[in-house]
Every structure is written in structure tokens, then in C-alpha cells.
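Before any comments, here is the structure.
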Amino acid sequence: MTRSQRSSAYPTNKSSAITSSPTSSRSSAVSSATRVHFIGGTALARTHLPDGRLSEDIDLVAVGSRKEVATELDATLPAPSRAPTAG
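Take 1 as the starting number for the sequence shown in the working numbering and just add one per residue.
What follows is the structure, given as C-alpha cells:
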């Protein structure tokens with residue numbers, strides 16, 4: 001991927017990534033997938049680097065209404081669970 005391709009794929013101005021959203025009659029899961037961008041170092045490591053990273057967090061950018069995207073994701077994804085902590 002060239003530098004200009006990276007620049008257009010991952011906007012440096014976060015507001016430019018959330019200004020428009022596609023309209024769709026597809027299922028909620030498919031619609032959510034087109035309205036959330038996976039960005040950042042973990043995205044790069046998970047897709048291009050063989051040895052992983054020390055930290056594992058994900059950066060997501062909502063495309064369109066953040067509240068609508070959050071509602072769609074809450075309805076689509078399983079509830080989060082936490083591993084028991086020692087101590």
C-alpha cells in the first residue's frame with residue numbers, strides 16, 4: 001500500500017471519517033460492518049504483521065450517526081464478559 005493509499009484509507013482527521021453513512025436495506029450486521037472502520041496499530045498488526053503486538057486494543061470509527069452505529073452494534077454483538085481477576 002502506498003503512502004497516498006494509506007492516507008485515503010485512514011483519514012487523519014477523525015471528523016472526516018464520520019461525516020457520511022451509506023444507506024442500506026441489508027441486515028443490521030452487514031450494515032454495521034459498512035459503518036465501522038477498524039484503524040490503528042492493532043488493525044495493522046492483525047492484518048499485516050506476523051508477530052503481533054504487546055498491547056491489544058482496537059480503534060473503531062463510526063461512519064454516520066455514532067448513536068445509531070452503537071445501537072446496531074449492541075443489538076448485533078454478544079454482551080461483553082470479563083475474565084475473573086486474581087486477588
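The beta-carbon is built from N, C-alpha and C at its ideal position, and this holds for glycine as well.
Check, Outcome
"Return the chain-ordered list of same chain residues with a C-beta closer than 7 Å to the C-beta of F38, the five sequence neighbours on each side being excluded.", "I58 and L60"
"Can you find the residues in the same chain that come closer than 8 Å, C-beta to C-beta, to V36, ignoring five residues on each side of it along the sequence?", "L60, V61, A62, V63, V69 and L73"
"Under three-state DSSP, which class holds L77?", "coil"
"Pull up the distance between the alpha-carbon of A75 and that of R82, whole angstroms please.", "19 Å"
"For the beta strand (DSSP E) containing L60, name the first residue and the last one.", "D59 to A62"
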